[in-house]
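A short write-up of the structure that comes next.
Number of protein chains: 2
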Amino acid sequence: MLGFHEIRLDYMTKKANARSGPRGPYAKTAERQRQILEAAVEVFGSRGYNGGSIQDVADRAGISQTTLLHHFPTKAQLLVAVLEYRDRISTSTPGTRERFAETIVRQAEHNEGLPHLVELYSVLSGEATTEDHPARNYFVQRFARLRKEYSGELRYLASIGRLRPGVDPDVAGPTIVALWEGIQTEWLLNPDTVDVPGILKGYLDLILVPEENAGWSSGATDTVHAKSRQ
Amino acid sequence: MLGFHEIRLDYMTKKANARSGPRGPYAKTAERQRQILEAAVEVFGSRGYNGGSIQDVADRAGISQTTLLHHFPTKAQLLVAVLEYRDRISTSTPGTRERFAETIVRQAEHNEGLPHLVELYSVLSGEATTEDHPARNYFVQRFARLRKEYSGELRYLASIGRLRPGVDPDVAGPTIVALWEGIQTEWLLNPDTVDVPGILKGYLDLILVPEENAGWSSGATDTVHAKSRQ
DNA sequence: ATGAAAGCCGAGCATTCACTCGGGTTTCAT
DNA sequence: ATGAAACCCGAGTGAATGCTCGGCTTTCAT
């Protein structure tokens, strides 16, 4: 059950009296595992977890299936490793708290160039709702965390008068998370007519007060014209 | 490629000179196929298309796998038949055009009693984004139709002054579809903390003007308190 | 009633699946 | 340098998959 990436202190503890024992991964191992995980992103992203095979991943990584299983003993452990890998190297969008909306829209625009990633999360979050799916707990935790984070940011914006009166941060936070999730799935099915950043901006413009006039009076922000038609 | 449900006129044409030929389905066939399709909803809903097997469906329907394949020659055709079956018997929510929001919220509340159905659509819409998935075209069409329908309803509401100024029906329509889709997936992962009707009502309250004061002035509708916390 | 088609199923079939085994090659601390 | 562990792989293994085949039973228009 030990993930490949977890620091195994016992390997590193160089006891003088311990003449022999496990030596830990070699220098090239990290790079090889990165190759495998990148291949797994593509396979699980394009075929899903149930639909993709470890043979597919091994082929795409240019190694034998047996070697893959040496690094990640089971398919389920490989999937968990993929998700943790993507979390580790994901672009930690900086952005000040005041630029909440801009940060989200910018991230959505950035994602348009990473269809593999979007596919991975869309396919797996749906699959993960099934019984005993190895990624189920990951997505339960992930969505709960996101809802909490967004609600918190919106509460802060409310405290400085940037949230439109009548908007409950504990409703709007989960709304952003769900909207983002849903619109990305639709974008994968219909890339030409669905505008992910546009839809998100449309909602954020609805609930936020523009920075200049913190005293909110009416919904006078310009209509958002998205390419989303029909 | 002929779906089981399509009316096959050639069977019914009783030509006097045709002494023998295909006779069409027997009386009990419709009921049997309904059993199979109900079983398939549960299997594909709880395990996904790739994760569920036709053996599972046959077992749950209480028939042999071979008999199932007599009625639905391939697994892919079974899936398509399931989706069309659910469309055919789906509760055609009446509701006047003016009661747009109420109709949606009522449908969402109704869905809480049909977790099998919600699972089916959530799991499959994610899976369907993968290459060559037999349900891909179904979901492409379905989402496009829903976006168009909702945008149309909102355009009508705008024409009678019930849409908040500044809200573009062509953005809000797709937003409702995506939000619904996303929040249902999260509900399946976290049924106790996610309130599907509440989140939808929160958005609809934001974009619609209450019936009584068609002259909209501020966001003075009460804050929506959902059970959605953290 | 009869007989042809529909309905139904046990027994396979070829393939793919995740995973194991045994043994070779490479790395690297000593 | 050396030797133990890490790395790597060919060749399986057993189970499950979607689907076919051949033949029996049931339905029902004639």
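Protein chains in written order, with full-length UniProt numbering: chain A, 1 to 230; chain B, 1 to 230. Glycine included, every Cβ here is placed at the ideal spot set by N, Cα and C.
Residues bridged to residue i (per DSSP)
i         : result
Leu163(B) : Leu208(B)
Closer than 9 Å to chain B by CB, residue i
i              : result
Gly202(A)      : yes
Asp59(A)       : no
Glu119(A)      : yes
Ser159(A)      : no
Ala76(A)       : no
Arg162(A)      : no
Ile207(A)      : yes
Glu72(A)       : What sits at residue 72(A) in the sequence shown is Phe, not Glu. Not closer than 9 Å to any Cβ of chain B, the Cβ of Phe72(A) fails to qualify, so no.
residue 249(A) : Given a span of 1 to 230 for chain A in the structure shown, any question on residue 249(A) remains unanswerable.
Gly126(A)      : yes
Ala178(A)      : yes
Thr175(A)      : yes
Arg8(A)        : Residue placement at Arg8(A) cannot be trusted, given a pLDDT of 45 that sits under 50; what the coordinates show is reported in the next sentence. Output row for Arg8(A): interface = no.
Cβ-based neighbour list, residue i, same chain, cut-off 8 Å, excluding 5 preceding and 5 following
i              : result
Tyr203(A)      : Thr175, Ile176 and Leu179
Ile207(A)      : Leu154, Leu163, Arg164, Val167 and Ala172
residue 243(B) : This structure cannot speak to residue 243(B), because chain B is shown only from 1 to 230.
Ile54(A)       : Gln65, Leu68, Leu69, Lys75 and Leu78
Leu200(B)      : Ile104, Val105, Ala108, Ile176, Leu179, Trp180 and Ile183
Thr130(B)      : Arg136
Residue i at chain A interface by Cβ criterion, 9 Å
i         : result
Ala172(B) : yes
Asn50(B)  : yes
Ile54(B)  : no
Asp168(B) : yes
Gly182(B) : yes
Glu112(B) : no
Ala144(B) : yes
Glu131(B) : yes
Glu211(B) : no
Arg106(B) : no
Ser122(B) : yes
Same chain, Cβ closer than 6 Å to residue i, five either side skipped, listed in chain order
i         : result
Gly52(B)  : Val43 and Phe44
Thr93(B)  : Thr103 and Gln107
Gly173(B) : Arg147, Tyr150, Ser151 and Leu154
Ser125(A) : Phe139
Ala39(A)  : Val57, Arg60 and Ala61
Gly95(A)  : Thr103
Gly48(A)  : Val123 and Glu127
Proximity test, residue i beta-carbon vs the ligand GDP heavy atom, cut-off 8 Å
i         : result
Glu109(B) : This structure does not include the ligand GDP; it has no bound ligands of any sort.
7 Å Cβ shell around residue i - same chain, five flanking residues per side excluded
i         : result
Gln35(B)  : Ala61
Glu186(B) : Val194
Phe100(B) : Glu153 and Leu157
Ser218(B) : Any reading at Ser218(B) must be qualified, since the residue scores a pLDDT of 44, below 50, and its modelled position is unreliable; the value itself is stated next. Counting only Cβ-Cβ distances below 7 Å, and skipping sequence neighbours, we find nothing.
Tyr85(A)  : Leu37
Next item on the list: Check whether the stretch 143 to 156 of chain B touches the stretch 88 to 104 of chain A, taking contact to mean three or more Cβ pairs, one atom from each stretch, closer than 8 Å.
Entry: no
Notebook entry, point to check: Does the count of Cβ pairs from the stretch 128 to 142 of chain A and the stretch 162 to 176 of chain A closer than 8 Å reach three?
Noted result: Contact between the stretch 128 to 142 of chain A and the stretch 162 to 176 of chain A is absent, because fewer than three Cβ pairs lie under 8 Å.
Check: Relative to chain B, which residues along the stretch 22 to 49 of chain A have a C-beta separation below 8 Å, given in chain order?
Finding: Ser46, Arg47 and Gly48
Item checked: Segment contact flag, the stretch 64 to 78 of chain B with the stretch 105 to 121 of chain B, C-beta cutoff 8 Å, min 3 pairs -> As far as the Cβ criterion goes, the stretch 64 to 78 of chain B does not touch the stretch 105 to 121 of chain B, which means the pair count is below three.
Item checked: Contact the stretch 179 to 190 of chain A vs the stretch 181 to 190 of chain B: 3+ CB pairs below 8 Å -> yes
Next item on the list: Check distances from the C-beta atoms of the stretch 186 to 200 of chain A to those of chain B and list, in chain order, the residues that come in under 8 Å.
Entry: Glu186, Leu188, Leu189, Asn190, Thr193, Val194, Gly198 and Ile199
Notebook entry, point to check: Listed from N- to C-terminal order along the chain, which residues in the stretch 81 to 104 of chain A have their beta-carbon within a distance smaller than 7 Å of any beta-carbon of chain B?
Noted result: none
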